[in-house]
Amino acid sequence: MISNSKEEEKKYQNIITEKLRELLGEYEVDILTEYVWHMAGNVKSSSEFMCNELKDFLGDHVNNIEAKTHASSSAPNAQRLHM
-1 MISNSKEEEK
9 KYQNIITEKL
19 RELLGEYEVD
29 ILTEYVWHMA
39 GNVKSSSEFM
49 CNELKDFLGD
59 HVNNIEAKTH
69 ASSSAPNAQR
79 LHM
């Protein structure tokens, strides 16, 4: 039987994965997942190196995320102006 902590970890993992899919898209999340598993399995990869690589990956997508967030938040405002 899975312990409560394992169930909770899985719950949060699913939440994070869904949020990443919303922000980055399915394809990018698949790439990110494969890369993380590759790095985690590489004994030579330090946690600091992996963190820096993930920051770089996510940093490359910050503009896309901000643009999507801005577009979705400004859409309701535009509709209110036309009413």
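For the sequence shown, the residue numbers in my numbering are -1 to 81.
We treat Cβ as the ideally placed atom computed from N, Cα and C, and that holds for glycine.
- Three or more Cβ pairs drawn from the region 51 to 60 and the region 27 to 37 lie within less than 8 Å of each other, which places the two stretches in contact.
- Between the alpha carbons of Glu7 and Ala65 lies a distance of about 30 Å.
- The C-beta distance from Phe55 to Leu30 rounds to 6 Å, short enough to fall under 8 Å.
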